[in-house]
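Read the structure below first, then the notes.
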Amino acid sequence: MLEEALGHAYEGILITDAEGLILKSNEAYARFLGLPLEDMIGRHVTEVVENTRMHIVAKTGVPEIAQLQKIRGHEMICHRIPILERGKVVAVVGKVMFREVDDLFTMTTRFTAMKKELEFYKDELHRRGGAKHSFERIIGASASLERAKALARKVARADTTVLLKGESGTGKELFAHAIHRESPRALGPFVKVNCAAIPETLFESELFGYKAGAFTGAQRGGRKGKFALAEKGSILLDEVSELPLAMQVKLLRVLQEREIEPVGAVEAEPIDVRILAASNKDLEELVAQGAFRKDLYYRLNVLKLEIPALRDRPEDIPLLVDHLLRSLERETGIPVDGVSPEAERVMRAFPWPGNVRELRNVLEQALYVKAGRSIQLEDLPAALTGERDREEARTLKALLRRTEAEEIRRALQEARGDKRAAAALLGICKSSLYAKLEQYGISGRSDVPDSWKPAQQPGTRRLG
82 MLEEALGHAY EGILITDAEG LILKSNEAYA RFLGLPLEDM IGRHVTEVVE NTRMHIVAKT
142 GVPEIAQLQK IRGHEMICHR IPILERGKVV AVVGKVMFRE VDDLFTMTTR FTAMKKELEF
202 YKDELHRRGG AKHSFERIIG ASASLERAKA LARKVARADT TVLLKGESGT GKELFAHAIH
262 RESPRALGPF VKVNCAAIPE TLFESELFGY KAGAFTGAQR GGRKGKFALA EKGSILLDEV
322 SELPLAMQVK LLRVLQEREI EPVGAVEAEP IDVRILAASN KDLEELVAQG AFRKDLYYRL
382 NVLKLEIPAL RDRPEDIPLL VDHLLRSLER ETGIPVDGVS PEAERVMRAF PWPGNVRELR
442 NVLEQALYVK AGRSIQLEDL PAALTGERDR EEARTLKALL RRTEAEEIRR ALQEARGDKR
502 AAAALLGICK SSLYAKLEQY GISGRSDVPD SWKPAQQPGT RRLG
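The sequence shown begins at 82 in the numbering used here and counts up by one.
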């Protein structure tokens, strides 16, 4: 069988002893060399194979993988692998992987094209009904966040139920997306359910669906519920603490029996869904208060993933600020270079009760009120800076900056975008205007329509 396998192998194979004498070859290698197989056996490899290094590998004992070798005018890729016995080389196996380097390039090109095509379809599938975020979208390098991400990656490969615990705005949904994307169910649907947003009377039909004629006003043919839509994929039950007690009983059955019973159905239907649950409330405390079933809690809490609050990882704030500003810059079209050291210091010291969501809102607000290219301390809301810091921020210098920026914008509007005319209106030279446009992040384009005409001839505005 070994002889037959060697003889019928597509790749050319050659075996020498420790001295470089050819012990064995197959027909594929002999045809490649253009020699009769029987003429090769017993001869030294250097007499038979052009540019060979088989005898060198026999001496060094060091394997040579995917090496380029030219034989009879052909560039080929080959392996040279020593066979050791008790630490000594007893033989060397040579194997031709590609008889022409062009074959390798052709295969690589095809593989790259297929990989790109697969990634395209995977991304399209995620965009249409799957998870949109990966672990790379979870910004931060703090120890607490890295521990959470490492555990989440491990959990993703399993199929167990996960309870995501964290304050509002910490990124529980982001983690759920990432877990689904790295799970064996990644190509399946990812369905999100906000338990706090569903009226109590609609819970059952929303989660489990209903059959035709189940109630007055039901759609013809019935309707699938969220669990059925998540078949072969994952379902995220966000704010699971808001489930009514009656629905908690039904969810418990889903977890235990892996089946659902649509409204109006005669019998239960099996499902294959991974359940991810998220809560910003302490479920153990709710269990103690009788507001959450203990047996359901234990079913959901197979593996708890704690998402750290932003105040517990202030070292991540600069990374988050940079990431969020780049995103907001694309959304709003407002250019921004970053935040000043004073503004960053205040943001790092703030407790952020709303976590990353609140940080994003603060940065978006600051973008609209800033006067220059970067966000300054005076651009932050009073809730961050405190009343005392807020009063200090309202200095004459800050007020002058805001006034100057506003006057430049007004002059550009009156001059309909003509910078030379705008500079004349302001009583400054054109180069000074360009410097101030750069300083305040003003585009210099006029937003005033051609039909607009000032009510009176504008006077000259002096700056500085």
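Using N, Cα and C, we set each Cβ at its ideal position, and we do this for glycine too.
Bear in mind that the values here come from a model prediction, so they are computed numbers and not experimental data.
For residue i, count neighbouring C-beta atoms within 10 Å of its own C-beta (all shown protein chains included) and say buried if the count is 16 or more, exposed if not.
| i | result |
| --- | --- |
| ILE146 | exposed |
| TYR379 | exposed |
| ASN275 | exposed |
| PRO422 | exposed |
| GLU323 | buried |
| PRO117 | exposed |
| TYR515 | exposed |
| ASP460 | buried |
| ASN107 | buried |
| GLY115 | exposed |
| GLY414 | exposed |
| PRO270 | buried |
| VAL138 | buried |
| VAL236 | buried |
| ARG266 | buried |
| ALA311 | buried |
| ALA447 | buried |
| GLU561 | This structure cannot speak to residue 561, because the chain is shown only from 82 to 545. |
| ASP120 | exposed |
| SER360 | buried |
| THR466 | buried |
| LYS151 | exposed |
| VAL354 | buried |
| GLY371 | exposed |
| ALA130 | The sequence as given places Val at residue 130; Ala does not occur at that position. Buried, since its Cβ has 16 or more Cβ neighbours within 10 Å. |
| GLY175 | buried |
| ARG262 | buried |
| VAL347 | exposed |
| GLY154 | exposed |
| ALA464 | exposed |
| ALA496 | buried |
| GLY540 | At GLY540, the pLDDT of 47 sits below 50, so the modelled position is not reliable; the number obtained from the coordinates is stated separately. By the neighbour-count rule (16 or more Cβ atoms within 10 Å), GLY540 is not buried but exposed. |
Going by beta carbon distance, what residues of the same chain come within less than 7 Å of residue i, once the five residues before and after it are set aside?
| i | result |
| --- | --- |
| LEU232 | LEU386 |
| ARG339 | PRO351 and ILE352 |
| TYR291 | ALA299, GLY303, ARG304, PRO343, VAL344 and GLY345 |
| TRP433 | LEU391, ARG392, GLU439 and LEU440 |
| PHE284 | PRO325 and MET328 |
| LYS307 | VAL272, VAL274, GLU287, LEU288 and ILE316 |
| GLU410 | PRO416 and VAL417 |
| ALA492 | ALA503, LEU506, LEU507 and ARG542 |
| ILE260 | ALA233, VAL236, ALA237, VAL243 and LEU357 |
Quick test of your reading: residue i and residue j, contact by CB under 8 Å. State the CB separation rounded to the nearest angstrom.
| i | j | result |
| --- | --- | --- |
| ALA257 | LEU317 | 5 Å |
| VAL383 | THR251 | In fact, because the Cβ distance is near 21 Å, the residues do not count as touching under 8 Å. |
| ARG238 | SER264 | 7 Å |
| GLU100 | VAL177 | Contact flag wrong, Cβ pair sits at about 22 Å. |
Per the DSSP calculation, residue i is bridged to which residue(s)?
| i | result |
| --- | --- |
| LYS176 | ILE94 and HIS160 |
| TYR291 | ARG304 and VAL344 |
| SER225 | Paired residues: none, contrary to the question. |
| VAL274 | LEU318 |
| LYS169 | GLU166 |
| LEU458 | DSSP, once it has assigned bridges, lists no residue as partnering LEU458. |
| VAL243 | LEU357 and LEU384 |
Please return the same chain residues whose Cβ sits closer than 8 Å to the Cβ of residue i, not counting the five positions on each side in sequence.
| i | result |
| --- | --- |
| LEU226 | ILE219, PRO389, ARG394 and ASP397 |
| VAL402 | GLY419, VAL420, GLU425, MET428, LEU440 and LEU444 |
| GLU166 | none |
| GLN590 | No statement about residue 590 is possible, as the shown extent of the chain runs from 82 to 545 and does not include it. |
| LEU381 | THR242, LEU244, VAL321, LEU336, ILE356, ALA358 and LEU364 |
| VAL450 | ASP460 |
| GLY453 | ARG482, ALA486, GLN520, TYR521 and GLY522 |
| ILE122 | ILE103, LEU104, LYS105 and SER106 |
Closer than 6 Å by C-beta to residue i: which residues in its own chain qualify, once you throw out the five before and the five after it? Chain order, please.
| i | result |
| --- | --- |
| GLY435 | GLY250 |
| PRO416 | GLY522 |
| GLN329 | ARG374 and LEU377 |
| LYS105 | ILE96 |
| ILE164 | VAL171 and ALA172 |
| ASP98 | LEU104 and ALA172 |
| LYS331 | none |
| LYS169 | none |
| PHE113 | GLY93 |
| ALA309 | GLY290 |
| LEU405 | ARG441 and LEU444 |
When you measure from the CB of residue i to every non-hydrogen atom of the ligand NAD, does any distance come out below 6 Å?
| i | result |
| --- | --- |
| LYS292 | As far as ligands go, the structure on display features none, and thus does not contain the ligand NAD. |
Is the shortest distance between the beta-carbon of residue i and the beta-carbons of chain D less than 7 Å?
| i | result |
| --- | --- |
| PHE271 | The structure shown contains no chain D, having only a single protein chain. |
Q | Length-filtered (4 minimum) alpha helix (DSSP H) runs lying within the region 95-156 | A | 108-114, 118-121, 126-129 and 135-141
**Q.** beta strand (DSSP E) runs wholly inside the region 319-384, at least 3 long, in chain order
**A.** 355-360
Q: Could you tell me which uninterrupted beta strand (DSSP E) segments, each at least 3 residues in length, are contained entirely in the region 398-448, listed from first to last along the chain?
A: none
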